[in-house]
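Below is one structure, written out as structure tokens, with a few remarks after it.
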Amino acid sequence: MLRLALVTAALFSSLANAHLAAWHKGMYCLDGPSGKVDLNNNNPVRPLFNLPFEQWWFHHVDNCDNFPPKAGDFLEL
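Numbers -18 to -1, 1 to 59, taken from mature numbering (1 follows the signal peptide of the UniProt record, and there is no 0), label the letters of the sequence shown in order.
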């Protein structure tokens, strides 16, 4: 039974297609590009398609590069 469940999960996982982002307090545009807290912010997971480098780098297309994390907030790797 466990083997069947694992095989089924493996087969269906190949069908998954999603845009993922690591949400962390040290990320740019955490609260959205509006400058205020936006709990419905979806900018980090919006696909950046057919854009030149200058537009997709740091999500310049939606001004996320203008909203850096707060001083002292960073992701320690």
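Glycine included, C-beta positions come from ideal geometry on N, C-alpha and C.
**Request:** Along the alpha helix (DSSP H) that carries glutamate 58, what are the first and last residues, could you check?
**Result:** Element bounds for glutamate 58: n/a, residue is neither H nor E.
**Sequence-distant residues of the same chain with beta carbon closer than 7 Å to cysteine 46, five excluded per side** = Tyr10, Cys11, Pro15, Asn25, Phe40
**Limits of the alpha helix (DSSP H) - the one that alanine -10 falls within** = -17 to -6
**Request:** Can you give me the start and stop residues for the alpha helix (DSSP H) that tryptophan 38 sits inside?
**Result:** 35 to 38
**Asked** In or out: phenylalanine 49 buried (at least 16 other Cβ within 10 Å) or exposed?
**Response** buried
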